[in-house]
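Trainee:
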Amino acid sequence: MKCSIVGGCALVLFAAPALALETEVTLDGHVGFSASHFDNDVDDNTNLHNNASRLGLEATASEGGYTGFLRYERGMDMYNADSDFDGAAFETESTNQDFVREFYAGIDSPYGRVTVGRFRAAYARAGKRVDPFYDTSLAGFSGTASTYGGQGANYGFSNLTNGFSDRVIELQSANYSGLSFNGNVYLDRGQENDHDYGAGVSYAGNAMRDQAFEVSLQYLEIENESAVGVPFRDPSDGSVPSVGGSPGPSSSFRVSGVYDLGSFSLGANYEYVDVDTEEDARHYSSVTASIPLNAKLRIAAAISYLNFPEDGPAIEGFGGTVGAFYEVLDGLNTYGGVRYVDFDENPSSDGTLALALGAAYSFDLNLR
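Note that our numbering has the sequence shown beginning at 1368, numbered continuously upward.
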């Protein structure tokens, strides 16, 4: 169903010349690599990581305040052993292959935006916006293991912040004096019709001295029995979860926000994830800060706390992350950082230490 809907949108979009619409086609990419060291008191390892390298193609056609759009994006992971998203991690024959990150289409209008396909949906985007260490080798949402493929969210954000959701229909309202709404349906491909759904409200405005801020409240209800612990890719064992990073049947709430004070910005994220099979809910909290020291150098920090139930993953503790990001050339950035997690409760270790050095190059080319 997803492919047919996206394909139909694509036919309309690429018929743009016949309809005399204003069209644009862009090619963009991101190539990121890093070295990391991870120590969990039991053993340690040093690895090279591919930090979410990707290549995307996007086309738009606009007329009279309406814009049709189509995006296709692949991860460049064929030569990265850590990004075995549909291989040995799920005991299949396909290993170390690049994969489709996003494939979606939709229409943007004065009344709102409709998006259909595979992409990072509103619940995940609200968390990604707060995390300054997203898609670095300091990532690792539970803090108990080295980052999986050097991608995803930092400690203090749930696995629902990671990955991409399939078969999504997302409705976003227009902006009404800073206030906007979203609704999401994640279609179940199986015969049970256990569709997942979500909704949210966001507000963006200015506080004193025109300091910009944005807050978001998101709700996510997952009814699909399938779960995927490893983000970014559905397993190939017959289960078909729609929501990226799904813990299985659950109810989740996220409150997040960013406050730009001019000389620096602050962010905060809190998540309440109530998994049906666990007696108590999981709690995720994180406060972040980003401070530009000059036009090229920026430092970032995060203080985070996790509290998981004893009948679930049984993880509890504070974590801290500090890093520096430096722009060498236009589009070429480097970073270095450290993350330490001190567990009050964790069956495998008392604490974990992660160190990372990396570089990334991003580009954007207008093809039409």
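Using N, Cα and C, we set each Cβ at its ideal position, and we do this for glycine too.
None of the values given here were measured: they were computed from a predicted structure.
Can you tell me where the alpha helix (DSSP H) with residue 1491 in it begins and where it stops?
Mentor: Counted from its first residue, the sequence shown places residue 1491 at position 124. Element bounds for residue 1491: 1489–1495.
Trainee: Quick check: residue 1497 and residue 1636, are their CB atoms within less than 8 Å of each other?
Mentor: Sequence index remark: in the sequence shown, residue 1497 carries index 130 (1-based). Sequence index remark: in the sequence shown, residue 1636 carries index 269 (1-based). The answer is yes: Cβ separation under 8 Å.
Trainee: Buried or exposed for residue 1554, going by 16 or more other Cβ atoms inside 10 Å?
Mentor: The count along the sequence shown starts at 1 and reaches residue 1554 at position 187. That one is buried.
Trainee: Helix, strand or coil: how does DSSP classify residue 1527 here?
Mentor: As a position in the sequence shown, residue 1527 is number 160, starting the count at 1. DSSP places residue 1527 in helix when its eight states are reduced to three.
Trainee: To the nearest angstrom, report how far apart residue 1570 and residue 1577 are at their CA atoms.
Mentor: One-based indexing of the sequence shown puts residue 1570 at position 203. One-based indexing of the sequence shown puts residue 1577 at position 210. Distance between the alpha carbons of residue 1570 and residue 1577: 15 Å.
Trainee: When we look at the beta-carbon of residue 1440 and count the other beta-carbons within 10 Å, is it buried (16 or more) or exposed?
Mentor: Mapped onto the sequence shown, residue 1440 falls at position 73. When all chains shown are included, residue 1440 counts as buried.
Trainee: Just how far apart, CA to CA, sit residue 1393 and residue 1443?
Mentor: The count along the sequence shown starts at 1 and reaches residue 1393 at position 26. The count along the sequence shown starts at 1 and reaches residue 1443 at position 76. Cα-Cα distance, rounded: 18 Å.
Trainee: Just to check my reading of the structure: residue 1417 and residue 1396 have Cβ atoms closer than 8 Å, yes? What is that Cβ distance to the nearest angstrom?
Mentor: Residue 1417 sits at position 50 when you count from the first residue of the sequence shown. Residue 1396 sits at position 29 when you count from the first residue of the sequence shown. Wrong, their Cβ atoms sit about 13 Å apart, outside the cutoff.
Trainee: Where DSSP assigns a beta bridge to residue 1547, which residues make up the other side?
Mentor: Working through the sequence shown from its first residue, we reach residue 1547 at position 180. According to DSSP, which records beta bridges pairwise, residue 1547 is partnered with 1569.
Trainee: Do you know offhand how far residue 1669's Cα is from residue 1534's?
Mentor: Locating residue 1669 in the sequence shown gives position 302, where the first residue counts as 1. Locating residue 1534 in the sequence shown gives position 167, where the first residue counts as 1. C-alpha separation (whole angstroms): 33 Å.
Trainee: If we count the other Cβ atoms within 10 Å of its Cβ and call it buried at 16 or more, is residue 1445 buried or exposed?
Mentor: Translated into positions along the sequence shown, residue 1445 becomes position 78. For residue 1445, the predicted structure reports a pLDDT of 49, less than 50, and the residue's modelled location is therefore unreliable. A value from the coordinates is still provided. It is exposed - the Cβ of residue 1445 has fewer than 16 other Cβ atoms within 10 Å.
Trainee: What is the residue span of the beta strand (DSSP E) that residue 1423 lies within?
Mentor: Numbered from 1 along the sequence shown, position 56 holds the residue referred to as residue 1423. Its beta strand (DSSP E) spans residues 1421–1430.
Trainee: What residues in its chain sit with their C-beta under 6 Å from that of residue 1734, if we drop five residues either side in the sequence?
Mentor: As a first step, residue 1734 must be located in the sequence shown, where it is residue number 367. Excluding sequence neighbours, residue 1734 sits near 1392 and 1394.
Trainee: Once the 5 residues before and after residue 1469 are set aside, which same chain residues still bring their CB inside 8 Å of it?
Mentor: Numbered from its first residue, the sequence shown carries residue 1469 at position 102. Result list for residue 1469: 1423, 1438, 1439, 1440, 1484, 1485, 1486, 1487 and 1531, in chain order.
Trainee: Spatial neighbours of residue 1587 within its chain, please: C-beta separation below 6 Å, excluding the five flanking residues on both sides.
Mentor: Here the question's residue 1587 lines up with position 220 in the sequence shown. The residues are 1490, 1565 and 1619.
Trainee: When you compare the region 1399–1409 with the region 1425–1434, are there three or more beta-carbon pairs, one atom per stretch, that lie closer than 8 Å?
Mentor: The region 1399–1409 is not in contact with the region 1425–1434.
Trainee: For residue 1728 and residue 1688, what's the separation of their Cα atoms in angstroms?
Mentor: Translated into the one-based positions of the sequence shown, residue 1728 becomes position 361. Translated into the one-based positions of the sequence shown, residue 1688 becomes position 321. Roughly 23 Å between the two C-alpha positions.
Trainee: If you follow the beta strand (DSSP E) that residue 1412 is in, where does it begin and where does it stop?
Mentor: Residue mapping note: residue 1412 aligns to position 45 of the sequence shown, counting from 1. Start and end: 1411–1417.
Trainee: Assign residue 1528 to buried or exposed, taking buried as 16 or more other Cβ atoms, counted over all protein chains shown, within 10 Å of its Cβ.
Mentor: Taking the first residue of the sequence shown as position 1, residue 1528 is located at position 161. That one is buried.
Trainee: Nearest to residue 1472 by alpha carbon, out of 1389, 1718, 1640 and 1536?
Mentor: Counted from its first residue, the sequence shown places residue 1472 at position 105. The candidate whose alpha carbon is nearest that of residue 1472 is 1536.
Trainee: For the beta strand (DSSP E) containing residue 1509, name the first residue and the last one.
Mentor: Residue numbering aside, residue 1509 sits at position 142 when the sequence shown is read from its first letter. Residue 1509 -> no beta strand (DSSP E), and no H or E assigned at all.
Trainee: Return the CA-CA distance between residue 1647 and residue 1694, expressed in angstroms with no decimal places.
Mentor: For the purposes of this step, residue 1647 is taken as residue 280 along the sequence shown, with counting starting at 1. For the purposes of this step, residue 1694 is taken as residue 327 along the sequence shown, with counting starting at 1. If you take the alpha carbons of residue 1647 and residue 1694, they lie about 44 Å apart.
Trainee: Please look up how many angstroms separate the CB atoms of residue 1708 and residue 1719, rounded, as I've assumed it's under 8 Å.
Mentor: Residue mapping note: residue 1708 aligns to position 341 of the sequence shown, counting from 1. Residue mapping note: residue 1719 aligns to position 352 of the sequence shown, counting from 1. Sure, about 5 Å apart at Cβ, within 8 Å.
Trainee: Of all the options 1559, 1650 and 1666, which has the alpha carbon lying nearest to the alpha carbon of residue 1684?
Mentor: Along the sequence shown, one-based indexing puts residue 1684 at 317. When each option's Cα is compared against that of residue 1684, the closest is 1650.
Trainee: Cβ atoms of residue 1503 and residue 1723: under 8 Å apart, would you say?
Mentor: Translated into positions along the sequence shown, residue 1723 becomes position 356. Translated into positions along the sequence shown, residue 1503 becomes position 136. Yes, they are a contact pair.
Trainee: DSSP on residue 1577, reduced to helix/strand/coil?
Mentor: In the sequence shown, residue 1577 corresponds to position 210, counting from 1. If DSSP states are grouped into helix, strand and coil, residue 1577 belongs with the helices.
Trainee: Who are the Cβ neighbours of residue 1525 in its own chain at under 6 Å, not counting the five residues just before and after it?
Mentor: If you number the sequence shown from 1, residue 1525 lands on position 158. The answer, listed in chain order, is 1638, 1640 and 1651.
Trainee: Exposed or buried, which one is residue 1601 when buried takes at least 16 other CB atoms within 10 Å?
Mentor: By one-based count along the sequence shown, residue 1601 stands at place 234. Here the model assigns residue 1601 a pLDDT of 44, short of 50, so the residue's position is not dependable, and the following value carries that caveat. Classification of residue 1601: buried, given that the 10 Å Cβ count is 16 or more.
Trainee: Taking the beta strand (DSSP E) that residue 1654 falls in, what are its first and last residues?
Mentor: The residue labelled residue 1654 in the question sits at position 287 within the sequence shown. Where residue 1654 is concerned, the enclosing beta strand (DSSP E) stretches over 1649–1659.
Trainee: Taking the C-alpha atoms as reference points, what is the distance between residue 1580 and residue 1629?
Mentor: On the sequence shown, residue 1580 is found 213 positions in, with the first residue counted as 1. On the sequence shown, residue 1629 is found 262 positions in, with the first residue counted as 1. Straight-line Cα distance between these residues: approximately 11 Å.
Trainee: Identify the residues that DSSP records as bridge partners of residue 1553: which are they?
Mentor: To locate residue 1553, count along the sequence shown from 1; it is residue 186. Partner(s): 1535 and 1563.
Trainee: Between the Cα of residue 1411 and the Cα atoms of 1540, 1721 and 1725, which residue gives the shortest distance?
Mentor: Along the sequence shown, read from residue 1 onward, the residue named residue 1411 stands at position 44. Out of 1540, 1721 and 1725, 1721 has the C-alpha closest to the C-alpha of residue 1411.
Trainee: Cutting at 7 Å between CB atoms, please list the residues of its own chain near residue 1467, excluding the five before and the five after it.
Mentor: Looking up residue 1467 in the sequence shown gives position 100. Taken in chain order, the residues that qualify are 1441 and 1485.
Trainee: Residue range of the beta strand (DSSP E) that residue 1668 falls in?
Mentor: By one-based count along the sequence shown, residue 1668 stands at place 301. 1664–1674 is the extent of the beta strand (DSSP E) around residue 1668.
Trainee: What would DSSP say about residue 1690, mapped onto helix, strand or coil?
Mentor: By 1-based counting over the sequence shown, the position of residue 1690 is 323. The answer is strand: DSSP assigns residue 1690 an E or B state.
Trainee: Distance, Cα to Cα, residue 1717 vs residue 1409?
Mentor: Within the sequence shown, the letter at position 350 stands for residue 1717. Within the sequence shown, the letter at position 42 stands for residue 1409. For residue 1717 and residue 1409, the distance between alpha carbons rounds to 9 Å.
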